[in-house]
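So the structure is just underneath, and the comments pick up after that.
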Amino acid sequence: MNSQAYKSSTQQREENHQSHCITNLKPKHQNQTMEIEVPVVIVGAGPAGLATAACLNKYSIPNVVLERHDCHASLWRKRTYDRLKLHLGKDFCNLPHMPFPLDFPTFVPRVDFLRYLDNYVTRFKISIRYTRNVESASVDEENNGKWRVVVKDTTTNADEVYVADYLVVATGENDEGYVPQIEGLEGFEGEHMHCSQYLNGRHLYGKNVLVVGSGNSGMEIAYDLSTWGANTSIVIRGPVHYFTKEMVFVGMSLLKYFKMEKVDKLMLLMSKLKYGDMSEYGLVRPKDGPFFLKIKGGTTPTIDVGCVSRIKKGEVKVFPAISSIKKDKMVEFEDGQNGQFDVIIFATGYNSTVLKWLKDYRGLFNENGMPKPSFPNHWKGNNGIYCAGFSRRGLDGIAFDAQRIADDIKKTLNARNLPGDEEDNFASLKLLGK
8 MNSQAYKSST QQREENHQSH CITNLKPKHQ NQTMEIEVPV VIVGAGPAGL ATAACLNKYS
68 IPNVVLERHD CHASLWRKRT YDRLKLHLGK DFCNLPHMPF PLDFPTFVPR VDFLRYLDNY
128 VTRFKISIRY TRNVESASVD EENNGKWRVV VKDTTTNADE VYVADYLVVA TGENDEGYVP
188 QIEGLEGFEG EHMHCSQYLN GRHLYGKNVL VVGSGNSGME IAYDLSTWGA NTSIVIRGPV
248 HYFTKEMVFV GMSLLKYFKM EKVDKLMLLM SKLKYGDMSE YGLVRPKDGP FFLKIKGGTT
308 PTIDVGCVSR IKKGEVKVFP AISSIKKDKM VEFEDGQNGQ FDVIIFATGY NSTVLKWLKD
368 YRGLFNENGM PKPSFPNHWK GNNGIYCAGF SRRGLDGIAF DAQRIADDIK KTLNARNLPG
428 DEEDNFASLK LLGK
């Protein structure tokens with residue numbers, strides 16, 4: 008449940024970005040389904056979809072990006088908190104073929120990252136069809152095994168069908184906010200939300216707020232709430248690595264020259280020198296190093312923007328996992344403690360929604376909507392299907408995926424002796440009404 012204040016903030020943000028949204032598309036044909044053929048269909052206009060389209064455009068391979076929202080990068084534009092910056096240095100976050108401007112800070116703010124993406128779309132002339140909700144995608148055996156992508160234009164309610172040789176799933180791993188099942192949550196008398204609905208703590212001054220989750224979003228939101236004067240608590244269920252952005256930048260840079268084991272040891276040493284032993288405050292470090300855990304299971308170390316210091320000062324209180332929620336906004340924790348909270352914010356991650364619309368997924372995706380093969384072989388399946396943005400390696404992983412997908416499609420097209428020059432690209436885009 009969200010207060011009117013949150014709704015107003017969201018509406019204001021949407022108005023600020025109206026220039027990058029298409030909200031008045033008209034169907035070409037009334038009362039009939041448009042069928043459009045294009046070599047490559049990309050689902051999702053986040054950074055992964057944009058990067059893949061740009062790489063394909065560099066090869067003059069016709070493609071179209073289908074986006075269910077009314078703008079590209081909707082997660083960054085509409086569903087992130089105001090103070091967000093890239094957690095890694097910009098040198099590790101470039102999309103293919105376009106470095107960040109030299110005058111951008113090392114850790115790029117959200118608004119500047121969006122400006123970068125807007126320029127990226129313009130520079131590479133990326134063809135995006137907004138407000139296109141993909142209802143299904145399946146292999147059509149009666150049409151030479153091509154992909155048949157059924158789409159609803161949510162602006163006009165018109166149906167469209169895209170027929171493609173290749174399908175790129177670029178909806179990413181951060182698609183739909185996940186809220187865990189907790190006894191009593193449905194009857195909670197205060198407000199609760201996923202962190203994708205949180206913009207800032209301006210309207211929570213003096214409120215008792217509980218943040219659930221100790222990843223980057225959880226720790227940064229807890230810091231933000233404390234800054235705005237909320238009585239802030241955070242649930243930290245288990246061991247967690249925490250480093251400053253500068254520490255991670257050093258570690259990432261050293262990985263180019265030294266083995267991961269040595270860099271992990273240095274990272275742990277820097278953390279101990281910076282923070283000391285934080286176990287008495289509820290912060291315990293894992294036994295394994297941060298980069299080892301990232302490679303092994305995709306567990307990302309937490310980037311500390313100041314929350315650890317607030318915890319040490321007692322300005323942010325740490326609780327273990329929630330056991331249940333009772334009447335009168337009372338939350339009980341696994342160690343027997345309890346507390347009364349006005350707002351609960353779940354920074355508990357996201358789910359993939361791929362399986363809601365992708366019918367022929369078993370060759371590439373598992374039952375959780377994530378790739379079956381592990382990195383670096385996760386990006387390609389059978390029957391011309393690919394995925395971008397599922398490597399759990401952030402923007403650097405997206406760049407890796409996008410370039411390899413484009414290279415592979417180009418190689419396949421060359422082997423089939425199919426055209427892929429600029430004239431064909433122009434003709435296809437005309438077909439798409441661009």
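Just so you know, we're using our numbering here: the sequence shown kicks off at 8 and counts up by one. Where a beta carbon is used, it is the ideal one built from N, C-alpha and C, also for glycine.
Beta carbon of residue i nearer than 8 Å to that of residue j
i: Lys65; j: His104; result: yes
i: Ser224; j: Ala354; result: yes
i: Phe348; j: Lys336; result: yes
i: Asp414; j: Asn390; result: no
i: Arg90; j: Asp311; result: no
i: Leu280; j: Ile318; result: no
i: Ala229; j: Val118; result: no
i: Val205; j: Tyr88; result: According to the sequence displayed, residue 205 carries Tyr and not Val. Yes, Cβ-Cβ distance for Tyr205 and Tyr88 is below 8 Å.
i: Ile43; j: Thr59; result: no
i: Leu102; j: Leu402; result: yes
Nonlocal neighbours in the same chain, by C-beta distance under 7 Å from residue i, ignoring five residues either side
i: Thr306; result: Leu300
i: Ser330; result: Glu339, Phe340, Glu341
i: Lys159; result: Asn140, Glu142, Asp166
i: Thr30; result: For Thr30, the predicted structure reports a pLDDT of 31, less than 50, and the residue's modelled location is therefore unreliable. A value from the coordinates is still provided. So the qualifying residues of the chain are Asp77, Thr162.
i: Leu211; result: Leu232, Trp235, Ala237, Val350
Cut-off 6 Å between Cβ atoms - residues of its own chain near residue i, not counting five sequence neighbours on either side
i: Ala55; result: Ala177, Gly179, Ala395, Gly396, Ile405
i: Lys85; result: none
i: Phe131; result: Ala61, Asn64
i: Val157; result: Glu142, Ser143, Val168
i: Leu365; result: Ala144
i: Tyr274; result: One detail in the question is off: residue 274 reads as Met in this sequence, not Tyr. Cβ within range, chain order: Gly258, Pro297.
i: Leu217; result: Ser240, Phe348, Ile351
i: Gly376; result: Ser359, Val361, Leu362
i: Gly51; result: Ala177, Thr178
Nearest-angstrom beta carbon gap, residue j and residue i [assumed within contact, 8 Å]
i: Trp386; j: Arg411; result: 6 Å
i: Val71; j: Ser134; result: 5 Å
i: Val350; j: Gly213; result: About 11 Å separates the two Cβ atoms, so there is no contact after all.
i: Glu74; j: Arg155; result: Actually they are not in contact, since the Cβ atoms of Glu74 and Arg155 sit about 19 Å apart, beyond 8 Å.
i: Tyr127; j: Leu57; result: 6 Å
i: Gly96; j: Phe256; result: 5 Å
i: Asn140; j: Val170; result: Wrong, their Cβ atoms sit about 18 Å apart, outside the cutoff.
i: Lys379; j: Leu371; result: 6 Å
i: Phe114; j: Lys294; result: No, Phe114 and Lys294 are not in contact; Cβ-Cβ is about 29 Å, not under 8 Å.
Residue i classed as buried or exposed, judged by whether at least 16 other C-beta atoms fall within 10 angstroms
i: Lys153; result: buried
i: Asp77; result: buried
i: Lys263; result: exposed
i: Leu276; result: exposed
i: Gly208; result: buried
i: Leu174; result: buried
i: Leu109; result: exposed
i: Thr40; result: exposed
i: Thr138; result: buried
i: Arg292; result: buried
i: Ile422; result: Here residue 422 is Ala; the residue named in the question, Ile, does not match the sequence. Classification for Ala422: exposed.
i: Glu53; result: Looking at the sequence itself, residue 53 is Gly, so the reference to Glu does not match. Answer is buried; the Cβ neighbour count reaches 16.
Nonlocal neighbours in the same chain, by C-beta distance under 8 Å from residue i, ignoring five residues either side
i: Gly191; result: Ser331, Ile332, Lys333
i: Glu227; result: Tyr88, Arg90, Leu91, Ile310, Val312, Cys314
i: Phe195; result: Ile332, Lys336, Ile351
i: Glu183; result: Tyr357, Asn358, Ser359, Thr360
Three Cβ pairs or more, each shorter than 8 Å: is that satisfied between the segment 74–85 and the segment 144–151? no
When you compare the segment 270–278 with the segment 226–242, are there three or more beta-carbon pairs, one atom per stretch, that lie closer than 8 Å? no
Across the segment 357–365 and the segment 213–222, are there enough close Cβ pairs to call them in contact, namely three or more that are closer than 8 Å? no
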